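Novice: If you count by the numbering used here, then the sequence shown holds residues 15 to 691, one letter each, in order.
Please read through the structure below; I'll follow up with questions.
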Amino acid sequence: MELLKLLDRPGPEFTPIPFWFLNGDLRRGEIRRQLQDFHAHGVDGVVLHPRMGLPRRIGYLSETFFSYIRAALETCRELGMRAVFYDEGMYPSGSACGQVVRDHPEYASLGIAVTGSPRPGDEVLAEKDGKLLVCRPTGGTIRGVHFGEDDFEPDAPLSADLLNPDAVRRFIELTHEAYWRRFKDYFGSTVIGFFTDEPSITGRCVTGMKPWTRGFDKLFTQAGGSLQNLFALFEDGENDDTRLYNRLIVERENQVYYAALSKWCADHNISLMGHPDSSDDIERERHFHIPGQDLVYRQVSPETGDLTGRDSVQGKCSADAARLLGRRRNSNECLGVCGGEENPWSMTAADVKWFLDYLAVRGVNLFIPHAFYYSIVGSRKDERPPDVGPHSAWWPHYQMWTAYLKRVSALMTDTVLHAPVAVLCRNRDLTPETVAPLFENQIGFMYIPRSFWDSCREEAGDLVCGDMRFSAVVDPEDRFPGVSRDLLASPRDIRFPAPARDVRAIRFDRCGTACVFLVNAGETDIETPAALPFAGRVGEYDLWTGRASRFDGVLRLPRRGSLLLFSCPEETFEALPVRAVPAPLPTPDFTLVSHDPASAVKVYEARVPAAAGLLTVEADEMAELSVNGRPAGVSFWGPHRFDLTGLLTERTNLLRLTVTGSRANLYGKAVPYGLRP
């Protein structure tokens, strides 16, 4: 069966492509060693990301800098890995680490502000009640790559005016063209994309200002806008002119910045990758060849849930943008600072799995983990941690994570989505409160941003957009009155006898096979009868273990579980094994036999009689079990379960449980680890 063959051997195309923080005193030998290590752990691509901590001897875009980029590319080519260039030093993108503005101060970011006393050089745009609306430089900056160039530090690089075509051309000349001149032989083969990172029109560390550029007043008034009504932007108000302003700013940035980068990448046989600034910036995805987003700072999380707030729309936003634009892939720069601000190195593997599944079930099919650190020496370890790669506790077993991400990415690529509900939306208004009940009731939907509304039509009570047909609609402007508004009456991706609010589902066809992919977004195991919306035999595939079996009509989703259910031809179904459900074993009395605080490792032993079944233990964080000296498995989140069927064969068996604690115990604030009492 083609689908099962794909999942069993998904291939390097579907690799995670982590940010690789080039943040230390780079050396060619160390670059080669680290890339070889990544590759040995199943990582077949990297984003080459200049990052805070580069020594001053390695100036951004200098020949020394490019010599290390070449070393990385040579190694990637040798290993068959793919590389993505990061277009800034460090972020947000668009200023070439201040070089765009250095010799051209007129290219600095501009904005509008309300003031009672104008400064020299201010351009007065409007007056109201003794206040002036003025255009002036924002003074915005970016985070640079050398110590002393961070927010509010003296050498923080100035940001550039991304609404000014001349400034953007200068940016492309300094960055993209510089890479092309040196590495053109790698483009389209080893190098697959340029990553642009949350470009900011005003720059960072700016308050009380809104984006602007010279001449924008004429564009705005020619479109019918009144400059005087823009005072509402600073009064938490909204009117027709503020809405016009927001739309024109998006259009201008798309035209001047994103379209220019997109065309350059297409002309040079690579993809524009990366993401806009906000989670609900769906209109700014238009020019990305691989639309993307950025899940950081626990914007959603196991403790707050996945359905509340504007950030809860991401993943779904980029996946639907990709579908509408006809793009095969969509990405997410995920896991950055997802340990929490109080103890950022304290990110559990259980959290990692939750975040990955949150994205996967919404359709993300290219994962960009944030981040693998070249160095964690000194303050580098405190710059937007944690490291989720070689400096993590689970790195020795990282092949299991890469295998999972490759299967998920392969599964969610080239799909035909089944979604009965269309959610018409405006940019930065993706109505999370409206779509939450759809997620909770396993009803598929698709976002349709405003720029696509004119291509939609009403037909026989349905909404038709391209080759997709919807039987119900969220329609904020009542453009399609003949289409049902009864969202919860729509067909479900999977049906349960009682509500299962923590089950997330997505229904699609892959390799010509009807599929439903499910994840458990909650904190307890789920076991419930389930009925699928397609007839015939049904198989199930555990993407974590890579095992297929027959589906017996009962959905079993443990905590942090995910599962694919698929329509199965009779001959394939008969060849599948019956899913084994081993009986639980009593938890033995483990004794602590060693403790190494320097590596946060505790080792326990227990002696048990011969038996068969499932051993469950509660421990923080990663648990590895051996039976009579033979490996019996590794578990990354609790409850830790080990199937001991066929392993306990002697009269007395020695169980050895090794528990490795969070890296917060090495690099942050200590947290508990080991067996729970």
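Here a beta-carbon is modelled for each residue, glycine too, at the ideal position from N, C-alpha and C.
These numbers were taken from a predicted model, which means no experiment stands behind them.
Do H190 and D101 come within 8 Å of each other at the CB atom, strictly closer than that value?
Specialist: Yes, Cβ-Cβ distance for D101 and H190 is below 8 Å.
Novice: Report the rounded CA-to-CA distance for D516 versus K367, giving the unit in angstroms.
Specialist: Each residue's alpha carbon lies about 15 Å from the other.
Novice: Skipping 5 residues on each side, what residues in its chain have a beta carbon closer than 8 Å to that of D22?
Specialist: Around D22: G560.
Novice: Skipping 5 residues on each side, what residues in its chain have a beta carbon closer than 6 Å to that of A335?
Specialist: Only I296, E299 and P305 meet the Cβ criterion.
Novice: Considering only C-alpha positions, which residue in the set T601, Q48, V533 and L658 is nearest to P316?
Specialist: Cα-wise, what sits closest to P316 is V533.
Novice: In this structure, does DSSP put E252 in helix, strand or coil?
Specialist: Coil at E252, not helix or strand.
Novice: Measure the C-alpha to C-alpha separation of S389 and L571 and round it to an integer number of angstroms.
Specialist: Approximately 38 Å between the Cα atoms of the pair.
Novice: What residues match up with Q50 in a beta bridge as DSSP calls it?
Specialist: Q50 is not bridged to any residue.
Novice: Just curious, the alpha helix (DSSP H) that P179 is in, first and last residue?
Specialist: Note, P179: alpha helix (DSSP H), P179 to L188.
Novice: Mind the definition here: the segment 643-656 touches the segment 615-634 only if three or more C-beta pairs lie below 8 Å; say whether that holds.
Specialist: Cβ pair count under 8 Å is three or more, so yes.
Novice: Cα separation between H654 and Y618?
Specialist: Approximately 14 Å between the Cα atoms of the pair.
Novice: For T674, count the other beta carbons within 10 Å of its own beta carbon; 16 or more makes it buried, fewer makes it exposed. Which is it?
Specialist: Buried, because 16 or more other Cβ atoms sit within 10 Å of the Cβ of T674.
Novice: Within this structure, are the beta carbons of F548 and S581 separated by less than 8 Å?
Specialist: In this structure, S581 lies closer than 8 Å to F548 by Cβ.
Novice: With DSSP as the reference, label P64 as helix, strand or coil.
Specialist: DSSP places P64 in strand when its eight states are reduced to three.
Novice: Any idea what DSSP makes of C331, helix, strand or coil?
Specialist: Reduced to three states, the DSSP call for C331 is helix.
Novice: Provide the residue span of the alpha helix (DSSP H) that contains N679, from first to last.
Specialist: From DSSP, the alpha helix (DSSP H) with N679 extends over A678 to Y681.
Novice: Mind checking T322: buried by the 16 CB within 10 Å criterion, or exposed?
Specialist: Burial call: exposed.
Novice: Give the straight-line distance between the Cα atoms of M15 and F510, rounded to the nearest whole angstrom.
Specialist: Spanning the two alpha carbons is a distance of roughly 28 Å.
Novice: To the nearest whole angstrom, what separates the beta carbons of L286 and L275, a pair I think is in contact under 8 Å?
Specialist: Indeed they touch by this definition, with Cβ atoms about 5 Å apart.
Novice: For the candidate residues D468, F466 and Y461, whose alpha-carbon lies nearest to that of A486?
Specialist: Residue Y461 is the option with its Cα nearest to A486.
Novice: The alpha helix (DSSP H) with D365 in it runs from where to where?
Specialist: Per DSSP, D365 belongs to the alpha helix (DSSP H) from A363 to A374.
Novice: What did DSSP end up calling Q693 once you bin it into helix, strand or coil?
Specialist: Outside the modelled stretch of the chain, which goes from 15 to 691, sits residue 693, for which no answer is possible.
Novice: Would DSSP call Q269 helix, strand or coil?
Specialist: Three-state DSSP puts Q269 in a helix.
Novice: Here's the rule: buried if 16 or more other CB atoms are within 10 angstroms of the residue's CB, otherwise exposed. What is N283?
Specialist: Exposed: under 16 other Cβ atoms inside 10 Å.
Novice: Among residues of its own chain, excluding the 5 on either side of A333, which ones have a beta-carbon nearer than 7 Å to its beta-carbon?
Specialist: Only N344, R376, G377 and V378 meet the Cβ criterion.
Novice: Could you pull out every residue in the same chain whose Cβ sits closer than 7 Å to the Cβ of E491, ignoring the five residues on either side in sequence?
Specialist: Within the same chain, E491 has no close Cβ partners at all.
Novice: Return the CA-CA distance between F248 and V57, expressed in angstroms with no decimal places.
Specialist: Those two C-alpha atoms are separated by around 47 Å.
Novice: Three or more C-beta pairs under 8 Å: does that hold for the segment 126-140 against the segment 87-95?
Specialist: The answer is no - the segment 87-95 does not touch the segment 126-140, with fewer than three Cβ pairs under 8 Å.
Novice: How many Å lie between G158 and L36 at the Cα?
Specialist: Each residue's alpha carbon lies about 13 Å from the other.
Novice: Looking only at C-alpha atoms, which of V422, P171, C279 and Q328 sits nearest to G25?
Specialist: Of the candidates V422, P171, C279 and Q328, the one whose C-alpha sits nearest the C-alpha of G25 is V422.
Novice: Taking Cβ positions, are K696 and F33 nearer each other than 8 Å?
Specialist: The structure shown has nothing for residue 696, since the chain only spans 15 to 691.
Novice: Just list the residues that DSSP pairs D556 with in beta bridges.
Specialist: In DSSP, D556 forms a bridge with R561.
Novice: Use the C-beta contact count for F381: other C-beta atoms within 10 angstroms, 16 or more gives buried, fewer gives exposed.
Specialist: Buried: at least 16 other Cβ atoms inside 10 Å.
Novice: What's the C-alpha gap between G288 and P383?
Specialist: Spanning the two alpha carbons is a distance of roughly 13 Å.
Novice: So does Y412 have its beta carbon nearer than 7 Å to some heavy atom of the ligand ZN?
Specialist: Here there are no bound small molecules, and the ligand ZN is not part of this structure.
Novice: Can you confirm whether the segment 561-569 touches the segment 448-466 when touching is taken to mean that 3 or more C-beta pairs between the two stretches lie within less than 8 Å?
Specialist: At 8 Å Cβ cutoff, the stretches do not touch.
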